[in-house]
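A.B. asks: Residue numbers (the numbering used here): 16 to 254.
Just so it is clear, CB atoms sit at the ideal spot from N, CA and C, and this is done for glycine as well.
1) I'd like the list of long-range same chain contacts for residue 166, defined as Cβ closer than 6 angstroms, with 5 residues on each side in sequence excluded.
2) Looking only at its chain, what residues have a beta carbon closer than 7 angstroms to the beta carbon of residue 162, apart from the 5 residues adjacent to it on each side?
3) When DSSP builds the beta bridges, which residues end up paired with residue 171?
4) Using the beta-carbon count (16 or more within 10 Å), is residue 35 buried or exposed?
5) Along the chain, where does the beta strand (DSSP E) that runs through residue 100 open and close?
6) Which same chain residues, not among the five before or five after residue 171, have their C-beta less than 6 angstroms away from its C-beta?
7) Among 33, 244 and 54, which residue has its Cα nearest to the Cα of residue 197?
8) To the nearest angstrom, how far is it from the Cα of residue 159 to the Cα of residue 226?
9) Kindly indicate the opening and closing residues of the beta strand (DSSP E) around residue 164.
10) May I ask you to report which of helix, strand or coil DSSP gives residue 228?
11) With a cut-off of 8 angstroms on the beta carbons, I'd call residue 141 and residue 16 a contact; round off their distance for me.
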């Protein structure tokens, strides 16, 4: 538990996520990652410098059978000094532009979070992505998009007056799993019909395979993101 808090504090300091007077909205899905994030930022909220204020928002999607215990989430947040907000949205599955339901669901939830953050006077949105999420995204972008990119710890949005921060970016998922057990965090009921078909689900298997090949694979992949040796890459020269 102390390790999770320590690594989150290190990430917030190293990547300069916080400024004095920040009002931050947590995207609270109800899973172990976002619940751990609530506790991490609730503890950080008690520190005087830089002084921050935290709000948590849970977004329900009407046409996805994901059963959240709203009262549990509300009590969880409020008992830790974090204001709780609940919003509802839905998405049209019958699109013709080729975007899948996972993308549409996530995009609509994210837009609803942005709007809720603006309503609450927040300029930063904290998401519960951990180290494994970021590495899986790195691999997915290389394999499916042909790009060397991932979810950065701090991202200033171009289309919204909002900055996304990921305080758990240095925390491995295994640590959060153990944290959830120690803190007896309640699991929400997930009945998403698309989850097992997602690329991310497959990428988790790839990550496990890589770690069997090299137990330090996750550490190496993380280090590779800041160790770009351009002299040994096929970069085209401008004509």
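C.D. replies: According to the structure data:
1) Indexing the chain shown from 1 puts residue 166 at position 151. For residue 166, where only same-chain residues beyond five positions count, the Cβ hits under 6 angstroms are 144, 149 and 152.
2) Position 147 of the chain shown, counted from the first residue, corresponds to residue 162. Residues of the same chain with a CB within less than 7 angstroms of the CB of residue 162, apart from the 5 flanking positions on each side, are 156 in chain order.
3) Within the chain shown, numbered from 1, the residue matching residue 171 stands at position 156. DSSP output for residue 171 lists 178 as bridge partner(s).
4) Numbered from its first residue, the chain shown carries residue 35 at position 20. That one is exposed.
5) Your numbering for residue 100 matches position 85 in the chain shown. Run containing residue 100: 98-104, per the beta strand (DSSP E) assignment.
6) Taking the first residue of the chain shown as 1, we reach residue 171 at position 156. Cβ neighbours of residue 171 beyond the five flanking positions: 178.
7) On the chain shown, position 182 is the one that residue 197 refers to. Closest option to residue 197, Cα to Cα, is 54.
8) Here residue 159 corresponds to residue number 144 of the chain shown, with the count starting at 1. Here residue 226 corresponds to residue number 211 of the chain shown, with the count starting at 1. Rounded to whole angstroms, residue 159 to residue 226 spans 21 angstroms at the Cα level.
9) As a working note, residue 164 is residue 149 in the chain shown. Taken as a continuous stretch (DSSP letters only), residue 164 belongs to no beta strand (DSSP E), as it is neither H nor E.
10) By 1-based counting over the chain shown, the position of residue 228 is 213. Residue state, collapsed to three classes: helix.
11) The sequence position of residue 141 within the chain shown is 126, counting from 1. The sequence position of residue 16 within the chain shown is 1, counting from 1. With a Cβ gap of about 19 angstroms, residue 141 and residue 16 do not count as contacting.
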